Every structure is written in C-alpha cells, then in structure tokens.
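Converting from the sequence shown to the numbering used here requires adding 16 to each position, the first position being numbered 1.
A virtual CB, placed ideally from N, CA and C, is assigned to each residue, including glycine.
Remember, it's a predicted structure, so these values are computed and weren't measured experimentally.
Have a look at the structure below before the remarks.
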Amino acid sequence: MWYIRNKCSYLGGIPMAGRTPRRLFPKRSKSVLNRVEGMPFNWSINPYRGCSHGCHFCYARPTHSYLGFHADDSFQHNVIVKRDAAEVLYRELKRGKWKGGVVAVGTATDPYQPVEGKWKLTRSILKVLRDFRIPTSITTRSPLILRDRDILREMVLTSVNISLSTLDEGVWRLTEPASPHPKQRLEAVRKLNGEGIPAGLFLAPILPYLSDTDEQLRSYMIAARECGARFVVPSVLRLQPAVKSWFFRRIQAAFPREYPHLVRLYEGSLPPDEYRTELYSRVRRHMREVGFINEPSRGEGTALTQEVGREEMLREEPVQLSLF
Numbered sequence: 017m018w019y020i021r022n023k024c025s026y027l028g029g030i031p032m033a034g035r036t037p038r039r040l041f042p043k044r045s046k047s048v049l050n051r052v053e054g055m056p057f058n059w060s061i062n063p064y065r066g067c068s069h070g071c072h073f074c075y076a077r078p079t080h081s082y083l084g085f086h087a088d089d090s091f092q093h094n095v096i097v098k099r100d101a102a103e104v105l106y107r108e109l110k111r112g113k114w115k116g117g118v119v120a121v122g123t124a125t126d127p128y129q130p131v132e133g134k135w136k137l138t139r140s141i142l143k144v145l146r147d148f149r150i151p152t153s154i155t156t157r158s159p160l161i162l163r164d165r166d167i168l169r170e171m172v173l174t175s176v177n178i179s180l181s182t183l184d185e186g187v188w189r190l191t192e193p194a195s196p197h198p199k200q201r202l203e204a205v206r207k208l209n210g211e212g213i214p215a216g217l218f219l220a221p222i223l224p225y226l227s228d229t230d231e232q233l234r235s236y237m238i239a240a241r242e243c244g245a246r247f248v249v250p251s252v253l254r255l256q257p258a259v260k261s262w263f264f265r266r267i268q269a270a271f272p273r274e275y276p277h278l279v280r281l282y283e284g285s286l287p288p289d290e291y292r293t294e295l296y297s298r299v300r301r302h303m304r305e306v307g308f309i310n311e312p313s314r315g316e317g318t319a320l321t322q323e324v325g326r327e328e329m330l331r332e333e334p335v336q337l338s339l340f
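Dropping the structure here:
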C-alpha cells in the first residue's frame with residue numbers, strides 16, 4: 017500500500033516517511049561486494065536496485081534500463097531485493113575477496129528506502145561488515161538508519177552520509193516526491209553524532225536555479241552546524257542523457273520559469289566550468305562563515321555517489337526478474 021505524502025508510519029519509533037514500491041522482485045545474488053576504482057572508497061554494496069524515494073534527478077535511474085525498464089517512474093515503482101545479500105557477502109569476505117579499503121553502502125540505491133523496514137537487508141549486511149571489522153561508509157536520505165544505531169556503534173565506520181539537497185520545502189516536494197522530510201534528516205544527523213556515530217551531510221545535488229541562491233546555501237550551512245554535522249560535501253547536479261530527459265519533463269511541469277534556463281545550462285552532463293567554479297566559491301564562503309573552516313576536507317564538489325553509480329551500472333551482474 018502507498019503511504020500518503022508527508023505522513024509517517026513508524027517502525028520501533030523511527031519515522032518511515034515515503035512510499036513502498038508497487039512491485040518487488042526478490043532475487044539471489046552472485047556477488048554483492050563490488051570493486052571500485054578511483055574513488056575515496058574501494059568497494060561498494062547495494063542491497064536493492066531501484067528506489068521508491070523517486071527523486072527526479074537520481075543518477076542511478078539508468079541502471080533499470082539493463083532490466084528492460086526505462087529511466088522514468090519504473091525506477092521507483094519496481095525495486096529489486098537482493099534477499100540473500102548478507103549471506104553472499106559473508107561468503108565473499110570469508111574467502112578473502114576484500115583486499116582492504118573502505119566499503120561504501122548505498123552508492124546506487126538508498127539502503128534505507130521504505131522496503132528496508134520489512135526486509136532488513138541493510139541491517140543484516142551491516143552486521144556482517146561489523147563482524148569482519150570492515151571500514152564502512154553509508155549514504156542514505158532516510159532517518160530509518162536510526163533503527164540500526166546498536167550496530168553502527170560497534171562498526172568501524174568512516175562516516176554516515178545523510179544526503180540532503182535542499183531545505184526549501186517547495187523544491188524538495190517537487191523534486192523528491194517520496195523522500196523523508198529535510199527536518200527528519202537533520203534530526204538523524206543530530207542523533208547519530210549525539211551517540212558518537214560520525215555523521216554529516218551530502219549537499220547533493222545542488223540544483224541550479226532551484227537551490228543555489230546565497231540565501232538557500234547559507235540557511236543550509238547554518239542548519240548543518242546546528243544539527244552537529246561533522247562535514248558537508250557539496251555536489252552540483254549531474255544529468256546523464258537518460259536521466260536528463262526525465263528530469264526536464266518533471267521540471268518543465270513544476271518549474272516552468274526556471275526550465276529554459278536549466279536546459280541552456282545543461283548542454284552536457286554538467287554545467288559549464290564557470291558556473292561550477294563560482295558556485296563552489298560561494299559554498300566555501302558560507303561554510304567558513306558558519307564555522308566549517310576547521311573541518312577536514314572531504315573533497316568539494318566531488319559527486320561521490322554519482323561516479324560510483326555509473327561504475328556499478330557496468331559491474332553488476334544481469335538480473336532475471338520474478339514478480340513478488
């Protein structure tokens with residue numbers, strides 16, 4: 017059943033804002049641990065394929081084309097569940113597949129999307145990573161991660177990255193149709209850090225003409241400091257061809273005034289260098305002004321999950337679907 021927009025169900029007291037997908041496809045996995053080159057981490061794990069948060073800008077939408085779907089609403093309505101992921105990961109680690117380095121969980125899907133409330137695949141995976149003492153980072157948009165604080169406290173965690181593209185409710189509602197409320201994500205950062213779990217924010221993606229004003233950026237940085245974020249990693253919107261057509265259709269309907277400016281800005285997958293240079297200069301200024309100047313650098317404007325998403329499209333094994 018669909019959850020009503022902006023309403024919450026609860027799982028052990030944790031808010032579960034969002035929607036469940038229309039169809040789930042449980043599958044068995046040949047491999048779960050994927051090698052990644054040229055990134056700040058070395059391996060990636062994605063318990064699901066597809067994501068019912070349905071963010072219009074999501075770089076991972078093209079992964080569904082390999083399954084016979086399109087980069088449209090199919091991505092959020094059809095979610096593949098790797099039901100034996102924890103068992104496969106255990107076997108891979110037991111035989112020595114991991115050769116050192118950080119494992120990133122949630123690079124091409126949200127590991128805490130609503131179906132995780134039932135399936136608990138991410139929770140099971142984290143238990144395995146904890147038991148093998150594997151350095152791990154986690155990226156999510158969901159406060160459901162608070163459910164697993166008992167495991168997170170015992171892990172070798174490099175960071176928990178809460179993705180939050182904007183605090184502007186109008187922009188959020190129209191670009192992330194089923195993601196948790198921004199305030200819930202800020203509260204998740206506050207609670208995680210309050211228990212000694214290192215958490216910060218991925219300002220990702222920054223949406224040109226929609227979430228890139230000085231007022232919006234400064235408000236974001238103030239909120240980040242107030243919730244105790246350890247870091248903020250900014251990343252401007254990247255639009256691959258398959259995502260671009262879908263994104264522009266949604267933007268044209270929701271933001272007709274900004275639409276033509278975005279189209280002109282995105283002749284390629286990224287805005288021109290001049291725009292990005294000016295944007296990140298302003299982001300740095302606002303970070304310094306609110307007190308992030310002494311924070312360790314985690315790379316500015318590096319779209320960590322976007323690059324890995326493209327890498328994994330080529331690496332994940334083909335999937336044969338069966339309707340659940």
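- The residue among THR152, THR293, GLN92 with its C-alpha nearest the C-alpha of ASP228 is THR293.
- With contacts defined as CB atoms closer than 8 Å, GLY122 and ASN58 fail to qualify as a contacting pair.
- 8 Å or more divides the Cβ of VAL95 from the Cβ of VAL48.
- Remark: C-beta atoms of LEU226 and GLU305 do not approach each other more closely than 8 Å.
- For the region 103-182, the continuous beta strand (DSSP E) assignments of 3+ residues that do not extend past its boundaries occur at 119-121, 152-156, 173-179, in sequence order.
- The beta carbons of ILE150 and VAL104 sit no closer together than 8 Å.
- Annotation note: the region 226-287 contains the following uninterrupted beta strand (DSSP E) runs of length 3 or greater, listed N- to C-terminal: 248-252.
- Within the same chain, Cβ atoms closer than 7 Å to the Cβ of LEU40 are found at VAL95, VAL97, VAL131, PHE340, the five residues on either side in sequence being excluded.
- When the Cα atoms are used, LEU137 and ARG266 turn out to be separated by approximately 31 Å.
- Going by beta carbons, SER68 and ALA258 fall outside the 8 Å limit.
- Residue environment analysis places SER261 among the exposed positions, since fewer than 16 neighbouring C-beta atoms fall within 10 angstroms of its C-beta.
- Collapsing the DSSP output to three states places ALA101 in a helix.
- Within the DSSP bridge table, the entry for TYR64 names VAL97 as partners.
- DSSP places GLY70 in the coil class of the three-state scheme, outside both helix and strand.
- For LYS143, same chain residues with a beta-carbon under 8 Å away, outside a window of 5 residues either side, are ALA102, ILE167 in chain order.
- LYS46 sits in coil when the DSSP states are folded into three classes, being neither helix nor strand.
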